[in-house]
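Going by numbering that gives the first Met the number 0, the letters in the sequence shown line up with residues 0 to 89, in that order. Positions of the beta carbon are idealized from the N, C-alpha and C atoms, including for glycine. The structure under discussion appears below in the form of structure tokens.
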Amino acid sequence: MKIIASGRKIDDLGRLVLPFEARQSLGLTPEAPVDILLDEFKGTILIREHVEQDTCLCCGGSRKLHRLSNGRCVCEDCFSAAPEALGGKQ
Numbered sequence: 000m001k002i003i004a005s006g007r008k009i010d011d012l013g014r015l016v017l018p019f020e021a022r023q024s025l026g027l028t029p030e031a032p033v034d035i036l037l038d039e040f041k042g043t044i045l046i047r048e049h050v051e052q053d054t055c056l057c058c059g060g061s062r063k064l065h066r067l068s069n070g071r072c073v074c075e076d077c078f079s080a081a082p083e084a085l086g087g088k089q
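Next comes the structure, spelled out in structure tokens:
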């Protein structure tokens, strides 16, 4: 992962402009739907293109998915790693 913009400011409405290079690299056009993922442990935000098919909410994978009670999916690998990532025993 590379830094493509540093020191960007969030406006009064909470908006942040995505740099042209990032939008072009990901093929994002105006009005393109995106997913915004928050990793509170790492203090990072991930923005990715929204895909209508079922994918893992952690890694974006589409194999061996477990459907959660909220309708979202988690793949077998992320599901197995969850207890350890949350500080518990696996």
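Note on the region 9 to 39: whole alpha helix (DSSP H) runs with a minimum of 4 residues are 19 to 25, in chain order. Comparing C-alpha distances from E48 to each of I2, S79 and L56 shows the shortest one belongs to L56. Around the Cβ of T54, a 10 Å sphere holds 16 or more other Cβ atoms; the residue is buried. Taking 8 Å as the cut-off, the beta carbon of A21 is found no closer than this to the beta carbon of I44. Pairing L37 with I46, the inter-Cα distance amounts to about 9 Å. Per the C-alpha coordinates, the member of C58, G70, T28 and I35 positioned closest to R14 is I35. The straight-line gap separating the alpha-carbon atoms of C58 and C77 is approximately 8 Å.
Judged by DSSP in its simplified three-state form, C77 adopts helix.
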